[in-house]
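Before any comments, here is the structure.
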Amino acid sequence: MTTLERFLGVDAEAIESIIERKWEIWAEKKPALEMFDAQRLRESVDAADAEPKNQLFKALAALAAKGVGDDTEAAALLAWLLLPAAKKIVAEAGAARRTSGAKRAIYEDHPIAELVAAELFCECRLVGRRNAERVAATIAGQVRTKVLLAIGHVPAMKAHNTGMGELGVDVQGDMGERLNNLSGASAGLSAREELGEVLESAVADQVIDTEECRTLQALAQVCSQLPSRQLSGATPWGQAAAQALAKAQPGRSAYAIRRQALGAIGKLSRAAQLGAGAGMAIS
Numbered sequence: 178m179t180t181l182e183r184f185l186g187v188d189a190e191a192i193e194s195i196i197e198r199k200w201e202i203w204a205e206k207k208p209a210l211e212m213f214d215a216q217r218l219r220e221s222v223d224a225a226d227a228e229p230k231n232q233l234f235k236a237l238a239a240l241a242a243k244g245v246g247d248d249t250e251a252a253a254l255l256a257w258l259l260l261p262a263a264k265k266i267v268a269e270a271g272a273a274r275r276t277s278g279a280k281r282a283i284y285e286d287h288p289i290a291e292l293v294a295a296e297l298f299c300e301c302r303l304v305g306r307r308n309a310e311r312v313a314a315t316i317a318g319q320v321r322t323k324v325l326l327a328i329g330h331v332p333a334m335k336a337h338n339t340g341m342g343e344l345g346v347d348v349q350g351d352m353g354e355r356l357n358n359l360s361g362a363s364a365g366l367s368a369r370e371e372l373g374e375v376l377e378s379a380v381a382d383q384v385i386d387t388e389e390c391r392t393l394q395a396l397a398q399v400c401s402q403l404p405s406r407q408l409s410g411a412t413p414w415g416q417a418a419a420q421a422l423a424k425a426q427p428g429r430s431a432y433a434i435r436r437q438a439l440g441a442i443g444k445l446s447r448a449a450q451l452g453a454g455a456g457m458a459i460s
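Numbering (the working numbering), first residue to last: 178 to 460.
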């Protein structure tokens with residue numbers, strides 16, 4: 178059993194049991210499963226063309242979707258099939274942690290594989306409700322973004338200037354770097370006003386809610402006022418800014434502020450990656 182399998186709670190034996198009990202039942206509901214050899218599923222999936230493979234992932238995602246199919250064993254199987262991608266995220270996040278410098282994140286000391294496994298299973302339960310066209314890529318993108326943010330590393334988040342029907346076209350640049358530039362201590366008033374416009378546009382597009390917008394704006398303001406000794410590497414979603422805001426807003430903990438900020442940044446990242454609306458195009 179690999180480390181990821183251990184944190185995910187599945188191994189080859191558990192997967193074999195799930196397939197034996199559920200495959201025929203699932204195949205009656207989702208014909209896409211009939212295109213694969215259940216007895217040699219990993220090999221069968223690896224050998225398949227992209228479209229049949231994507232249809233299998235879509236079928237499992239629909240079966241697993243929280244509040245829809247609601248089958249956690251379908252989620253476990255989908256997560257197990259996506260372990261190769263998860264291993265790459267573990268490697269990337271491990272390298273990012275080693276080079277990130279000071280510990281600033283809530284989950285800085287958690288095992289990377291544990292974070293990846295937890296986010297992977299959650300995304301396998303959620304992706305079926307999003308009607309994603311490319312299931313594996315959507316799950317991997319979400320897991321990567323959330324894990325890197327959780328360990329205090331701002332991932333490269335590509336914003337696309339697209340219509341609602343287009344994906345991945347006309348990349349505008351690194352969104353994470355852009356948000357840092359708009360909100361950092363060296364940013365002028367006009368830059369912070371631009372950040373406000375970006376966030377308000379995201380609220381209008383229902384990417385984030387009003388409270389999340391206010392928190393990010395408040396964190397940006399606090400970050401711009403941090404003493405020089407705290408400023409090195411500080412970001413609006415960093416620990417120093419969250420602690421400073423918690424002192425200014427009695428009743429809110431730095432932990433709660435940090436989690437809300439990370440959640441909002443994750444939503445912004447997803448919208449940017451999927452090109453969801455012109456309001457997310459940051460030039």
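Every residue gets a Cβ at the ideal spot worked out from N, C-alpha and C, and that includes glycine.
Are any of the Cβ atoms in chain D nearer than 7 Å to that of residue i?
i	result
Leu-210	Among the chains of the structure shown, chain D does not appear; only one protein chain is present.
Rounding to the nearest angstrom, what Cα-Cα distance links residue i and residue j in this structure?
i	j	result
Gln-402	Leu-439	21 Å
Lys-207	Pro-229	12 Å
Asp-248	Arg-302	8 Å
Lys-424	Arg-391	16 Å
Gly-436	Arg-429	It is worth fixing the name first, because residue 436 is Arg in this sequence and not Gly. Cα-Cα distance, rounded: 11 Å.
Gly-244	Glu-250	14 Å
Glu-377	Ser-221	47 Å
Arg-306	Gly-246	10 Å
Ala-379	Glu-205	41 Å
Met-178	Arg-275	25 Å
Glu-193	Ala-215	9 Å
Ala-313	Leu-259	7 Å
Ala-421	Ala-433	13 Å
Ile-442	Glu-296	15 Å
Arg-241	Pro-288	First, the residue type needs correcting, since residue 241 is Ala and not Arg in the sequence shown. Approximately 26 Å between the Cα atoms of the pair.
Arg-311	Ala-227	10 Å
Ala-290	Gly-329	16 Å
Val-293	Ile-266	7 Å
Gln-398	Gln-426	13 Å
Thr-387	Leu-393	10 Å
Ala-189	Val-384	38 Å
Val-375	Asp-223	41 Å
Ala-309	Glu-300	12 Å
Glu-131	Ala-431	Outside the displayed span of the chain (178 to 460) sits residue 131, for which this structure offers no information.
Asp-382	Leu-254	34 Å
Assuming residue i and residue j are in contact, meaning their beta carbons sit under 8 Å apart, how far apart are those beta carbons, in whole angstroms?
i	j	result
Leu-185	Ala-256	6 Å
Leu-396	Ala-418	5 Å
Ala-238	Val-304	5 Å
Leu-181	Lys-264	7 Å
Ile-195	Leu-218	Actually they are not in contact, since the Cβ atoms of Ile-195 and Leu-218 sit about 10 Å apart, beyond 8 Å.
Phe-298	Ala-252	6 Å
Pick helix, strand or coil for residue i, following the three-state DSSP scheme.
i	result
Glu-374	helix
Met-212	helix
Asp-248	coil
Gln-402	coil
Val-320	helix
Ile-328	coil
Ile-442	helix
Val-380	helix
Arg-447	helix
For the alpha helix (DSSP H) that contains residue i, what are its first and last residues?
i	result
Gly-271	260-276
Pro-229	227-241
Ser-430	Unbroken run through Ser-430: none, as it is neither H nor E.
Arg-219	218-224
Leu-310	Reading off the sequence, residue 310 comes out as Glu, not Leu. Taken as a continuous stretch (DSSP letters only), Glu-310 belongs to no alpha helix (DSSP H), as it is neither H nor E.
Gln-420	416-425
Thr-180	180-185
Ala-293	According to the sequence as given, residue 293 is Val; it is not Ala. Counting along the chain, the alpha helix (DSSP H) containing Val-293 begins and ends at 289-303.
Lys-206	189-206
Can we say the segment 308-326 touches the segment 437-449, given the rule of at least three CB pairs closer than 8 Å?
yes
Check whether the segment 194-201 and the segment 267-275 are in contact - that is, three or more C-beta pairs closer than 8 Å.
no
So, do the segment 208-219 and the segment 231-239 have three or more beta carbon pairs nearer to each other than 8 Å?
yes
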